[in-house]
Amino acid sequence: MTKVKTQKPRIRVLLGDAASLGPGKIELIDAIERAGSISGAAKLMNMSYRRAWNLVDSINHDFTEEIIITIAGGKGGGGATVTKLGLEIIGRYRQLEAKALDSVQEELAQFGQYLAQKTSNSN
0 MTKVKTQKPR IRVLLGDAAS LGPGKIELID AIERAGSISG AAKLMNMSYR RAWNLVDSIN
60 HDFTEEIIIT IAGGKGGGGA TVTKLGLEII GRYRQLEAKA LDSVQEELAQ FGQYLAQKTS
120 NSN
């Protein structure tokens with residue numbers, strides 16, 4: 000069986016000297032929006048809660064406004080909400096991704112010709 004992965008650029012936006020925003024952080028923000036909590040998002044992404052929490056902390060420190068608002072747990076449970084700015088950042092990143100893909104489609108196809116086709120036997 001031949002597995003062929005879709006070829007697409009992975010965009011990482013460097014913000015200043017230390018901050019970066021890439022597909023992993025965008026996916027986490029999106030997963031928090033869908034799940035309504037950091038733990039739920041971590042489960043969706045097969046990521047440890049600690050890793051997800053550290054990324055949320057990093058994301059919130061990288062911007063002038065909070066991107067993810069957390070609500071402490073307790074009897075009623077906790078949760079997390081993505082702010083309006085967070086939703087805007089997801090949208091802008093997806094636009095950037097789409098533009099990048101459009102502009103390099105031909106080159107990606109050419110690179111694809113050079114890649115070894117890997118096969119796996121499933122018995």
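Numbers 0 to 122, taken from numbering that gives the first Met the number 0, label the letters of the sequence shown in order. Note that beta-carbon positions come from the ideal geometry of N, C-alpha and C, so glycine has one too.
Check	Outcome
For I25, name the three-state secondary structure that DSSP assigns.	helix
Need the endpoints of the beta strand (DSSP E) that I67 sits in, please.	67-70
Within the chosen definition, does the region 107-114 reach the region 23-30 through at least 3 CB pairs nearer than 8 Å?	no
Contact defined as beta carbons within less than 8 Å: I believe G77 pairs with S36. What is the distance between those atoms, to the nearest angstrom?	7 Å
Can the beta-carbon of E65 be found less than 9 Å from the beta-carbon of T82?	yes
Taking only three categories from DSSP, how would you classify S57?	helix
Return helix, strand or coil for G85, following the three-state DSSP convention.	helix
Give the DSSP-derived three-state secondary structure of G90 in the structure shown.	helix
With a CB to CB cut of under 6 Å and the five nearest residues on each side skipped, what residues in its chain are close to D16?	none
Relative to the C-alpha of T80, which residue among L13, N45, V55 is closest?	V55
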